[in-house]
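Chains as they are written, first to last, in this note's numbering: chain A, 1 to 87; chain B, 1001 to 1250.
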């Protein structure tokens, strides 16, 4: 299975959030580095994705799609920093 | 079966193929009409979803090739992967007037905005040139002055996407340079033997790290990792390097 970038989750996350999460910065719970969600290392496909920190390989985000719901596990990010419009 | 959606969020919409152009024997550009398209930034992508009669669905992400300036098409260039589930349908089967499901535009990370003042270095491997082409087109449309360099690595001269258009941008848009790197077969009379992109290629044809260019790297995963590693080794700030991996092999 090949690795993609966090960018590739933009569509799936866009179904959940009103803002573009891939342009947001997370702070990694594992190593403390801050980076764009779009820069995460991504495995899996639309049914289930695992995104890891490019600095320490810890799992930052997991996204699982079922027919009638979606599960988002963000325990690997201690915070998200979101750019506001016009910034 | 349609999946439930959260109200007010991004969702799937029908796109109609209005025109198609064969770029190479294995790549095709689709011009799509998407009602109420909100416009897009160069580098963004869309997700395409196909549903078989039995309900089986496959979804893939494709970069948008066109620039948007208060109008225009949503243009996708699709490279056929012979063992792919989605791309052979889009390159060989889809006809003008047919519809596909599309979600987007998405992705605000791998994008170039006219307001970015720095020089730009674009590194594309194979069909990884597609989102970079949207940036080149957007720069041309805006008559932007930021110096752009595109290093485009392809197997052979017959695999070059936008073969006629790229030289026009070099001619008509001052400050845009193009370097074509061939990995399997170079054109007749080329002084350079075919080779994969390496330190010398990027050192010679890219911007020096002192210029602090914004770097965009897109292509198969192995290409992207090689090119990004070289950029970092040459002294480029990793924070200025944005990548988009297509996965798979070239």
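Even for Gly, the Cβ is constructed at its ideal location relative to N, Cα and C. These numbers come from a predicted model, not from an experiment.
Three-state secondary structure (DSSP) of residue i
{"i": "residue 65 of chain A", "result": "strand"}
{"i": "residue 1216 of chain B", "result": "strand"}
{"i": "residue 1078 of chain B", "result": "strand"}
{"i": "residue 1089 of chain B", "result": "helix"}
{"i": "residue 9 of chain A", "result": "helix"}
{"i": "residue 21 of chain A", "result": "helix"}
{"i": "residue 1135 of chain B", "result": "helix"}
Neighbourhood of residue i by C-beta, 6 Å cutoff - its chain only, sequence neighbours within 5 removed
{"i": "residue 80 of chain A", "result": "24 and 26"}
{"i": "residue 1200 of chain B", "result": "none"}
{"i": "residue 1127 of chain B", "result": "1079"}
{"i": "residue 1242 of chain B", "result": "1110 and 1216"}
Proximal residues of chain A, C-beta to C-beta of residue i below 7 Å
{"i": "residue 1243 of chain B", "result": "5"}
{"i": "residue 1047 of chain B", "result": "11"}
{"i": "residue 1104 of chain B", "result": "11"}
Contact list for residue i against chain A, beta-carbon separation under 9 Å
{"i": "residue 1005 of chain B", "result": "15"}
{"i": "residue 1061 of chain B", "result": "4, 7, 8, 10 and 11"}
Residues that residue i contacts on chain A, provided the C-beta gap is smaller than 8 Å
{"i": "residue 1221 of chain B", "result": "2, 3 and 4"}
{"i": "residue 1011 of chain B", "result": "15"}
{"i": "residue 1247 of chain B", "result": "2, 3 and 4"}
Start-to-end residues for the alpha helix (DSSP H) that takes in residue i
{"i": "residue 1205 of chain B", "result": "1199-1205"}
{"i": "residue 1236 of chain B", "result": "From DSSP, residue 1236 of chain B is part of no alpha helix (DSSP H); its letter is neither H nor E."}
Proximity of residue i and residue j at Cβ, strictly below 8 Å
{"i": "residue 1216 of chain B", "j": "residue 1097 of chain B", "result": "no"}
{"i": "residue 1015 of chain B", "j": "residue 1041 of chain B", "result": "no"}
{"i": "residue 1024 of chain B", "j": "residue 1065 of chain B", "result": "no"}
{"i": "residue 46 of chain A", "j": "residue 33 of chain A", "result": "no"}
{"i": "residue 1119 of chain B", "j": "residue 1037 of chain B", "result": "no"}
{"i": "residue 63 of chain A", "j": "residue 49 of chain A", "result": "yes"}
{"i": "residue 1085 of chain B", "j": "residue 1058 of chain B", "result": "yes"}
{"i": "residue 1218 of chain B", "j": "residue 1132 of chain B", "result": "yes"}
Beta-carbon contacts of residue i that lie in its chain and below 7 Å, excluding the five residues immediately before and after
{"i": "residue 1167 of chain B", "result": "none"}
{"i": "residue 1203 of chain B", "result": "1234"}
{"i": "residue 11 of chain A", "result": "none"}
Where the beta strand (DSSP E) containing residue i begins and where it ends
{"i": "residue 1178 of chain B", "result": "1176-1182"}
{"i": "residue 1017 of chain B", "result": "1013-1024"}
Contact list for residue i against chain B, beta-carbon separation under 8 Å
{"i": "residue 38 of chain A", "result": "1107, 1108, 1109, 1110 and 1242"}
Amino acids of chain B, ordered along the chain, whose beta-carbon sits closer than 7 Å to that of residue i
{"i": "residue 22 of chain A", "result": "1107, 1108 and 1109"}
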